[in-house]
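Student: This structure is in structure tokens; I'll ask about it shortly.
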Amino acid sequence: MRSASIFNAAGCKKKKSKITYCARGEYIYAGNGFFDFYPSHTLTLNNGEFHLSGNGFGQRFIKLQPQTALQIGSGNLQLSKGRVEYGSGSSIQVDGGSAVLTDMELMSAGGTATALWAQQADRIVVANSFIGGMFAGVEAYQVAAANPLDLLFLNTTFKGNTNGLMLDGGQEARIWQCDFAPDQAGAQAIAVANFQSVRMEGCGVQEYLKPAVPGAEEAWGAIYLENIGEYIMTGGAVADNDVGFYCPAGATANLTLRGQAEVSGHTYYGIHIVEGSREGANSGLITMDCARLLDNGVAGIKGRNLILNIDAYINSQTTDPAFVRANHFQRGPNDALWFDICYDGPLAESINTIPASGNYWGTDHANPEPGGGLFYYSLDKVSFGGCGGFPEIGLDFGALHPSGAPVSCPAPAPTGPDVPVSKDCRLVASPTESIKESYHQAFEAYQLKLALDEETLSTYAVFTDVASQPNTSRNMGTDVCKHYVDVARVFSPYTLGQQMQSADVQQGRAVGQKSGPMARGLLVSPNPVQESLHLTWAGTAPCHAVVYNSLGQLVWTGILPVGQTAIATESWAAGWYVLRALPEGQPAIHLRLSVQH
8 MRSASIFNAA GCKKKKSKIT YCARGEYIYA GNGFFDFYPS HTLTLNNGEF HLSGNGFGQR
68 FIKLQPQTAL QIGSGNLQLS KGRVEYGSGS SIQVDGGSAV LTDMELMSAG GTATALWAQQ
128 ADRIVVANSF IGGMFAGVEA YQVAAANPLD LLFLNTTFKG NTNGLMLDGG QEARIWQCDF
188 APDQAGAQAI AVANFQSVRM EGCGVQEYLK PAVPGAEEAW GAIYLENIGE YIMTGGAVAD
248 NDVGFYCPAG ATANLTLRGQ AEVSGHTYYG IHIVEGSREG ANSGLITMDC ARLLDNGVAG
308 IKGRNLILNI DAYINSQTTD PAFVRANHFQ RGPNDALWFD ICYDGPLAES INTIPASGNY
368 WGTDHANPEP GGGLFYYSLD KVSFGGCGGF PEIGLDFGAL HPSGAPVSCP APAPTGPDVP
428 VSKDCRLVAS PTESIKESYH QAFEAYQLKL ALDEETLSTY AVFTDVASQP NTSRNMGTDV
488 CKHYVDVARV FSPYTLGQQM QSADVQQGRA VGQKSGPMAR GLLVSPNPVQ ESLHLTWAGT
548 APCHAVVYNS LGQLVWTGIL PVGQTAIATE SWAAGWYVLR ALPEGQPAIH LRLSVQH
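Numbering (our numbering), first residue to last: 8 to 604.
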């Protein structure tokens with residue numbers, strides 16, 4: 008088919024070999040032909056509309072020559088019913104505008120192109136599409152979506168990309184009915200940082216292998232989380248990867264598995280959140296509500312100070328077998344564990360048992376307690392001889408266990424919440440006051456928002472009554488009381504000084520903050536980085552800083568003076584990096600960097 012470049016239209020300004028097309032209104036095209044873009048071409052849309060529609064999925068109508076950036080700027084991009092072919096290093100870019108891609112096939116070879124790069128976009132929607140062979144399928148920073156459905160990935164396949172989705176900075180994101188598959192070791196399906204809420208529903212993430220570096224399984228996952236207020240996985244499967252979910256040290260994440268979500272068959276860990284916290288602004292909450300954690304090779308869940316919210320009676324608010332939403336746990340072969348979690352700090356080490364009743368424990372369900380030479384879980388206290396030994400914290404399995412694997416998720420009981428007496432909680436300091444009702448009222452409101460796919464921040468304040476209980480009262484309560492308080496403090500962060508923080512702040516870092524290119528006085532330019540990185544530090548004194556790659560390996564360390572510092576990055580491999588600045592007397596600053604060559 009003959010190439011018909013948009014830049015050859017009448018009215019274009021030509022200068023030597025460079026051709027520029029400027030549109031202040033709109034450009035709308037539908038039909039045959041295709042548009043061939045070259046690096047010398049520049050497209051500027053000043054709040055305009057750029058809408059191309061082809062003849063059907065898989066039929067080429069745009070070609071980007073190598074090193075070409077189709078820059079939409081603050082305009083509105085709409086592509087539908089066609090195919091875009093990307094040369095090496097090429098990309099479609101939106102800076103302050105929006106992008107809606109439907110029924111599209113976005114293809115490249117060589118893994119150096121980016122299908123869609125966006126910064127401060129107010130809308131990104133990719134639906135019913137296929138993205139393959141890219142360095143990044145979608146790479147977006149500081150997303151300023153007005154509502155959750157303005158950052159939506161629906162019924163789209165990401166295959167053979169080094170990075171499927173790379174999202175850094177925003178409030179809410181939706182990933183629905185998408186499939187992710189790699190074609191090389193070290194790829195990642197999803198990497199999200201600095202979001203309040205990410206909802207993944209009915210998705211498949213499978214067969215991702217760790218980088219070919221010794222020990223990489225301790226610092227990598229098919230899904231990478233960093234400073235995520237809530238990552239909600241409903242249905243679908245994260246399965247047969249080397250590691251499923253991973254959150255690095257120095258970052259926070261809270262993860263919920265619900266609606267028969269399955270994390271299974273991983274070579275090493277299903278979920279690895281390196282650091283949680285119970286000693287202040289709590290984080291590292293893992294909620295399982297009618298979910299499956301099966302056959303993971305080393306441990307189903309690994310980390311430090313994690314808060315396991317897995318009791319089916321508490322989360323279902325009933326003991327009626329017809330309405331209990333049981334979880335299904337099954338250890339992997341040989342000496343694999345359900346949980347490998349280490350606890351330190353006075354609040355964490357005050358726990359003796361973790362509520363875990365009403366669940367099905369796989370082929371081990373008849374006698375899930377350790378014994379007979381079997382070792383099912385490791386929940387250890389540092390003060391009791393360190394980690395890696397026999398558990399000092401037990402699981403309260405309850406007297407009854409389902410006799411078979413759950414096959415569905417029952418609806419709530421028609422009579423409403425009826426939490427068993429065994430899950431009651433009356434604080435010693437106030438023996439006539441029960442916080443059970445307050446906790447379950449808050450948790451029920453939160454679960455209702457999830458069921459309706461509505462925002463949950465409005466329910467966080469309901470947890471305040473429980474979260475604000477002083478540590479003296481918490482520590483004198485039963486383990487169930489401590490559990491209610493610890494979970495509530497994730498939603499209403501609480502400090503040891505007994506000062507309540509805003510609901511979207513955890514450990515001094517704003518969840519969903521717009522961390523790139525600037526966070527708390529640290530400016531990064533450019534981002535993505537190519538040959539050199541420029542850091543501008545606006546503090547009152549120099550500060551120490553380090554940069555780690557995605558494997559947790561140190562690639563740079565130094566002192567940032569007040570003002571600007573340049574760092575050469577030519578020798579850094581393409582990928583994601585974490586910059587950690589340590590201002591004296593202040594919380595650490597974390598920024599996500601993307602390096603492209």
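Beta carbons are placed, not taken as given, at the ideal position from N, Cα and C, and that holds for glycine. Treat the numbers as computed from the prediction; the structure is a model and nothing was measured.
Are the beta-carbon atoms of Ile235 and Ala256 separated by less than 7 Å?
Tutor: No, Cβ-Cβ distance for Ile235 and Ala256 is not below 7 Å.
Student: Alpha carbon to alpha carbon, how far is Thr326 from Gln593? Give it in angstroms, no decimals.
Tutor: About 47 Å.
Student: Once DSSP output is grouped into helix, strand and coil, what is the label at Ser97?
Tutor: In the structure shown, Ser97 sits in coil (DSSP, three-state: anything other than H, G, I, E or B).
Student: Between which two residues does the beta strand (DSSP E) containing Glu224 stretch?
Tutor: Neither: Glu224 is in no beta strand (DSSP E) and is coded neither H nor E.
Student: In three-state DSSP terms, what is Asn135?
Tutor: Asn135 falls in the coil class under three-state DSSP.
Student: Determine the direct distance from the alpha carbon of Ser98 to that of Ala406, and round the result to whole angstroms.
Tutor: Cα to Cα, the separation comes out at about 58 Å.
Student: Specify, as a first and last residue, the run of the alpha helix (DSSP H) that Ala449 falls within.
Tutor: Counting along the chain, the alpha helix (DSSP H) containing Ala449 begins and ends at 443 to 458.
Student: Going straight from the alpha carbon of Leu161 to that of Ala180, what length do you get?
Tutor: Between Leu161 and Ala180, the C-alpha separation is close to 11 Å.
Student: Following the continuous beta strand (DSSP E) through Gly123, name the residue where it begins and the one where it ends.
Tutor: The question names Gly, yet the displayed sequence has Leu at residue 123. Its beta strand (DSSP E) spans residues 121 to 126.
Student: At what residue ranges does the region 330 to 361 contain a whole run of the beta strand (DSSP E), taking only runs of 3 or more?
Tutor: 335 to 338, 344 to 350, all fully within the region 330 to 361.
Student: Going by the CB atoms, is the gap between Glu356 and Lys309 shorter than 7 Å?
Tutor: No, they are not a contact pair.
Student: Considering only C-alpha positions, which residue in the set Ile79, Val91, Leu77 is nearest to Asn62?
Tutor: Closest option to Asn62, Cα to Cα, is Val91.
Student: With Asn162 as the anchor, note down where its alpha helix (DSSP H) starts and where it stops.
Tutor: Per DSSP, Asn162 belongs to no alpha helix (DSSP H) and is neither H nor E.
Student: Identify whether Leu407 lies in helix, strand or coil by the three-state DSSP scheme.
Tutor: Coil.
Student: Would you list the one or two residues that DSSP bridges to Arg181?
Tutor: DSSP lists Leu159, Arg206 as partners of Arg181.
Student: By the 10 Å Cβ neighbour count, where 16 or more other Cβ atoms means buried, how is Leu459 classified, buried or exposed?
Tutor: With fewer than 16 Cβ atoms within 10 Å of its Cβ, Leu459 is classed as exposed.
Student: Note down, in chain order, each residue of its chain lying with its Cβ closer than 7 Å to the Cβ of His604, except the 5 sequence neighbours on either side.
Tutor: The residues are Gln537, Ala581.
Student: Within 10 angstroms of its Cβ, does Asn312 collect 16 or more other Cβ (buried), or is it exposed?
Tutor: Result: buried.
Student: In terms of residues, what are the limits of the alpha helix (DSSP H) holding Phe68?
Tutor: Looking at the DSSP string, Phe68 is not in any alpha helix (DSSP H); the run it does join, the beta strand (DSSP E), is 67 to 71.
Student: Quick check: the Cα distance between Tyr320 and Ser136, rounded to an integer number of angstroms?
Tutor: Roughly 41 Å between the two C-alpha positions.
Student: Below 8 Å on the Cβ atoms is my contact criterion, and I expect His551 with Pro362 to pass it. Report the Cβ-Cβ distance as a whole number of Å.
Tutor: In fact, because the Cβ distance is near 42 Å, the residues do not count as touching under 8 Å.
Student: Can you tell me where the beta strand (DSSP E) with Cys254 in it begins and where it stops?
Tutor: Residues 250 to 254.
Student: Take the Cβ of Gly117 as the centre, count every other Cβ of all protein chains shown within 10 Å, and call the residue buried at 16 or more, exposed below.
Tutor: Exposed, since its Cβ has fewer than 16 Cβ neighbours within 10 Å.
Student: Mind checking which residues open and close the alpha helix (DSSP H) that includes Arg496?
Tutor: Segment 486 to 498, the alpha helix (DSSP H) holding Arg496.
Student: Using only the alpha-carbon positions, how far apart do Asp342 and Asp302 sit?
Tutor: Taking the straight line joining both Cα atoms gives about 11 Å.
Student: For the ligand MN, is there any heavy atom lying closer than 6 Å to the beta carbon of Leu561?
Tutor: This structure does not include the ligand MN; it has no bound ligands of any sort.
Student: By DSSP, does Ser465 sit in helix, in strand, or in coil?
Tutor: Correct three-state label for Ser465: helix.
Student: Do Thr121 and Ser95 count as a contact pair if the criterion is CB distance below 7 Å?
Tutor: No.
Student: From Thr109 to Ala134, what does the alpha carbon distance come to, in whole angstroms?
Tutor: About 5 Å.
Student: Is it the case that the Cβ atoms of Phe330 and Pro417 are separated by a distance below 7 Å?
Tutor: Contact flag set, yes.
Student: Determine the closest residue to Gly411 out of Asn334, Val101, Tyr231, Asn201, with distance taken between C-alpha atoms.
Tutor: Among Asn334, Val101, Tyr231, Asn201, the Cα nearest to that of Gly411 is on Asn334.
Student: Measuring straight from C-alpha to C-alpha, what distance separates Leu59 and Val101?
Tutor: If I take the Cα positions, the gap works out to 15 Å.
Student: Grab me the residues of Leu264's own chain with a C-beta within less than 6 Å of its C-beta, minus the 5 sequence neighbours each way, in chain order.
Tutor: Counting only Cβ-Cβ distances below 6 Å, and skipping sequence neighbours, we find Met240, Met295, Ala298.
Student: Suppose contacts are defined by Cβ-Cβ distances below 7 Å. Is Ile128 in contact with Ser105 by that definition?
Tutor: The residue you asked about is not Ile; residue 128 is Ala in the sequence shown. Taking 7 Å as the Cβ cut-off, Ala128 and Ser105 qualify as a contacting pair.
Student: Anyone know if the C-beta pair for Phe44 and Leu71 falls short of 7 Å?
Tutor: Yes, these two residues count as a Cβ contact at 7 Å.
Student: Under 7 Å, do Gly211 and Ala244 count as touching if we go by C-beta distance?
Tutor: Cβ distance < 7 Å, so Gly211 and Ala244 count as in contact.
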